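Chains P and W, in that order, are what the protein sequence lines are.
Residue numbers for the first sequence follow my numbering, beginning at 1 and rising by one.
Residue numbers for the second sequence follow my numbering, beginning at 195 and rising by one.
Worksheet: the structure to be examined is printed underneath.
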Amino acid sequence: VRAHDQATRSSAGPSDAALVIAARAGEAWAQEALFRRHAPMVNGLAFRLMGRDSDVDDLVQDSFVTAFAGLHGLEDPQAFAAWLGSIVVRTAGKVIRRRVLFERLGLRRRREPIDIDGVAARAAGPDVAAELRHIYGRLERLPAEERIAFLLRRVEGLELEEVAQKMGISLATAKRRIAAAQQAVERWADRERP
Amino acid sequence: MSGKDFRNLVPLITESRLARQYAAIRERVPATPPPRRRLWVGWAVAAVLASVLAVVALRMVGFRGSALVDDAVVESGPLADGARPTSITLAEGSRVDLGPSTRARLTRARPKAIRIDLERGSVDIEATHVEGRTFVVGAGGYEVRVVGTHFSVRRDPGDQIVVRVDRGAVVVAAVGSAGGETRRLGAGEQWSAPDGAPARASAAVAEPAPSLTAMGEPVPPPGAERMPPPAATVEKAPQAPGAAHRDETAKELFDDAQRARADGRPLDAARAFDRLRRTYPQDPRAALSAFELGRLRLDALGDPRGAEEALRDAIALGPSSPFREDAESRRVEALWRMGDASGCASARAAYLARWPHGTYRRAVELGCGDR
């Protein structure tokens, strides 16, 4: 399931390509149109990657600022949504790494844990909620790269090639990170079993 | 892979939250390069042709000097970005600018009586003061009577009529059988009412009564029927700085509005958005402008009724725009704040039917206070 694609609004109206071209030309309305069209997708992806509602706004803003500042570098304007998704993924990784570093340097107080109950409460059913508890309950212990790769595979439901593409890494690296995260999660789950 | 569906794993998104996010983004995005001049060649040619045809038609039927003609029809095409409006100067010096896609009938053009009946679209009028001459604009079931002023009348058949006065004063009167109440509008005021009545037939137009003795001193015209106060609204329109807006392009208006909003001048921003959507309804910014106007009226100006009108316009101007879902969700809120419970429920049902898994589904479900 590609939740981030499905959450994108209807493509009715001007195409993404048309909006990107207009936004590149300095048309503020086109930029806002791109935001309005893709904000739901970005908000959802940001929420699932960060696991906390309070982190969503910053990640959404950082991602769109990066995207709008780099619009001229987008080769295929119609591929705006996929490109934006990649930016969200990479920005999330940076945010997590930066926070970990600041905490280690004592420049930031210990971050709040992932709101597992809050995340699970948004689930459609008890089986989904249980799996989300299983996944998000151990995420904080994972390095940022493994955490992102793992979430893209397990929560976003991306194929391995798509995980690699979204993260800007090789397929082998994507497989390695996902496998490492999977093993760590299972290992911690075994330890926690009575 | 778990195979489970995590699509519902999203934060609570409200339109206000998205608006805050975008405001923060807009402040941080580097200045964009100067836009390339967009050449709306087709529209520009159409507008110019419409202007030429209107002038030629008027001249052919003898509309020159004081030899005015009755029942001449003037029309304008969709106005292009950057193009000047179709403009007509009457023999006595008054100037009439036709908004885009406007059709108006110069029902009576005599030295002592000017009457223009607006069938659709908008006219922006700079009327000169001529002693003893009456100047009337008919719009549906209403008349706007004036002596020497600058005002505009917009008519969307079946929807609403809007009169706005920039300088001087006008009297708006319902036309029909019974005499009764009229409404005087001064500078900076705007009046609107539903366009429920059919346009008055030109053949039935009587000689306009000399209903104004002097600017700002109206006398209710005989034959004017009672105004429908509950349906009509008068509001203070943001004061136009003279007629400087006459040549503003859609882009300039949009940029002005954005600047005003960023500077904390929501009234000025609302005025620019309002003018853009009315003057350039074909422009790609029009739907967004109407939407932003609705948001401003709802969030900053405390005007849910005006917001609802603007949001409805946003939906009409851009039925396939990326903002339609946002506009429909905010319209639910506007109706609720107006106290229109049934309208709110209806708008909510329409939203949920159209977007059963919409971005604002949860917020909209709670939007009418009865769930």
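Where is the CB? At the ideal position from N, CA and C, for every residue including glycine.
Source: prediction; values computed, not measured.
Between the CA atoms of residue j and residue i - distance to the nearest angstrom
i         : j         : result
Ala184(P) : Leu142(P) : 8 Å
Ala321(W) : His344(W) : 6 Å
Leu71(P)  : Arg97(P)  : 25 Å
Gln165(P) : Ser86(P)  : 8 Å
Gln31(P)  : Cys538(W) : 30 Å
Val65(P)  : Ile219(W) : 6 Å
Leu171(P) : Ile148(P) : 14 Å
Arg195(P) : Phe68(P)  : The structure shown does not extend to residue 195(P), since chain P spans only 1 to 194, so no value can be given for it.
Val128(P) : Phe200(W) : 8 Å
Ala467(W) : Gln215(W) : With the sequence shown as reference, residue 467(W) is identified as Phe, and Ala is not the correct amino acid for it. C-alpha separation (whole angstroms): 21 Å.
Ala434(W) : Ala307(W) : Low per-residue confidence applies at Ala434(W): pLDDT is 42, beneath 50, and the placement is therefore not dependable enough to give any value.
Leu206(W) : Leu379(W) : 45 Å
Arg99(P)  : Leu292(W) : 59 Å
Asp462(W) : Asp57(P)  : 29 Å
Pro305(W) : Leu470(W) : 34 Å
Ala179(P) : Ala130(P) : 21 Å
Leu312(W) : Ala303(W) : 14 Å
Leu84(P)  : Asp353(W) : 40 Å
Ser346(W) : Leu447(W) : 18 Å
Arg472(W) : Ser316(W) : 8 Å
Ser54(P)  : Ala28(P)  : 28 Å
Arg531(W) : Gly168(P) : 48 Å
Ala544(W) : Arg187(P) : 50 Å
Nearest residue (CA-CA) to residue i, options the options
i         : options                                    : result
Ile310(W) : Arg348(W), Val324(W), Glu325(W), Leu212(W) : Arg348(W)
Leu151(P) : Ala521(W), Ser536(W), Leu511(W), Leu203(W) : Leu203(W)
Leu492(W) : Leu511(W), Ala480(W), Glu519(W), Val526(W) : Val526(W)
Ala340(W) : Asp350(W), Leu482(W), Ala333(W), Arg327(W) : It is Val, not Ala, that sits at residue 340(W) in the sequence shown. Of Asp350(W), Leu482(W), Ala333(W), Arg327(W), the residue nearest in Cα terms is Arg327(W).
Val558(W) : Ala504(W), Glu519(W), Gly496(W), Asp462(W) : Glu519(W)
Pro77(P)  : Ala174(P), Arg176(P), Ala18(P), Arg154(P)  : Ala18(P)
Pro460(W) : Thr443(W), Glu502(W), Pro478(W), Leu487(W) : Leu487(W)
Met41(P)  : Asp16(P), Ser54(P), Val88(P)               : Val88(P)
Leu546(W) : Gln354(W), Gly561(W), Met532(W)            : Gly561(W)
Glu156(P) : Phe35(P), Arg36(P), Asp16(P), Leu45(P)     : Leu45(P)
Arg453(W) : Thr208(W), Ser210(W), Ala217(W), Arg211(W) : Ala217(W)
Asp505(W) : Ala481(W), Val331(W), Arg548(W)            : Per the sequence presented here, residue 505(W) reads as Leu, with Asp not at that position. Nearest option by C-alpha distance: Ala481(W).
Ala451(W) : Asp353(W), Ala484(W), Ser536(W)            : Ala484(W)
Ser288(W) : Val330(W), Ser295(W), Val356(W)            : Val330(W)
Asp477(W) : Pro498(W), Leu284(W), Gly512(W), Thr296(W) : Gly512(W)
Partner residues on chain W for residue i, Cβ-Cβ distance less than 8 Å
i         : result
Gln61(P)  : Gln215, Ala218, Ile219, Arg222
Pro40(P)  : Val204, Ile207, Thr553
Ala144(P) : Within 8 Å Cβ-Cβ: nothing; Ala144(P) doesn't reach chain W, min ~20 Å.
Ala33(P)  : Leu482, Ser515, Pro516, Phe517
Val95(P)  : Near Val95(P) there are no residues of chain W at all, since even the closest Cβ is about 15 Å away, more than 8 Å.
Beta-carbon separation (whole angstroms), residue i vs residue j, contact threshold 8 Å
i         : j         : result
Ala464(W) : Leu490(W) : 5 Å
Glu178(W) : Val359(W) : Residue 178(W) lies beyond the range of chain W shown here (195 to 565); nothing can be said about it.
Leu59(P)  : Thr91(P)  : 6 Å
Ala501(W) : Ile509(W) : That belief does not hold up - the Cβ atoms of Ala501(W) and Ile509(W) are roughly 13 Å apart, past 8 Å.
Val268(W) : Ala298(W) : 5 Å
Asp389(W) : Asp350(W) : 6 Å
Trp549(W) : Arg556(W) : Between Arg556(W) and Trp549(W) the Cβ distance is about 12 Å, and since that is not below 8 Å, they are no contact.
Simplified DSSP assignment, three categories, for residue i
i         : result
Ser86(P)  : helix
Tyr554(W) : coil
Val364(W) : strand
Ile509(W) : helix
Ile207(W) : coil
Asp449(W) : helix
His134(P) : helix
Pro294(W) : coil
Val356(W) : strand
Ala397(W) : In this predicted model, Ala397(W) has a pLDDT of only 29, less than 50, meaning its place in the structure is not dependable enough to derive any value.
Arg339(W) : strand
Ala307(W) : strand
Thr66(P)  : helix
Thr473(W) : helix
Trp530(W) : helix
Val20(P)  : helix
Phe329(W) : strand
Ala494(W) : coil
Gly93(P)  : helix
Ser386(W) : strand
Contacts that residue i makes with chain W (C-beta to C-beta distance below 7 Å)
i        : result
Arg90(P) : By Cβ distance, chain W contributes nothing, its closest Cβ being about 17 Å from Arg90(P), past 7 Å.
Phe64(P) : Ile219
Residues that residue i contacts on chain P, provided the C-beta gap is smaller than 7 Å
i         : result
Arg479(W) : Trp29
Asp520(W) : Arg36
Phe329(W) : The contacting residues do not exist; Phe329(W) stays about 37 Å from chain P at best.
Residues that residue i contacts on chain P, provided the C-beta gap is smaller than 9 Å
i         : result
Pro388(W) : In chain order: nothing, as chain P lies at least about 29 Å away.
Within chain P, the residues that residue i reaches when beta carbons sit closer than 8 Å
i         : result
Gln649(W) : Residue 649(W) is absent from the model: chain W starts at 195 and stops at 565.
Leu447(W) : Near Leu447(W) there are no residues of chain P at all, since even the closest Cβ is about 11 Å away, more than 8 Å.
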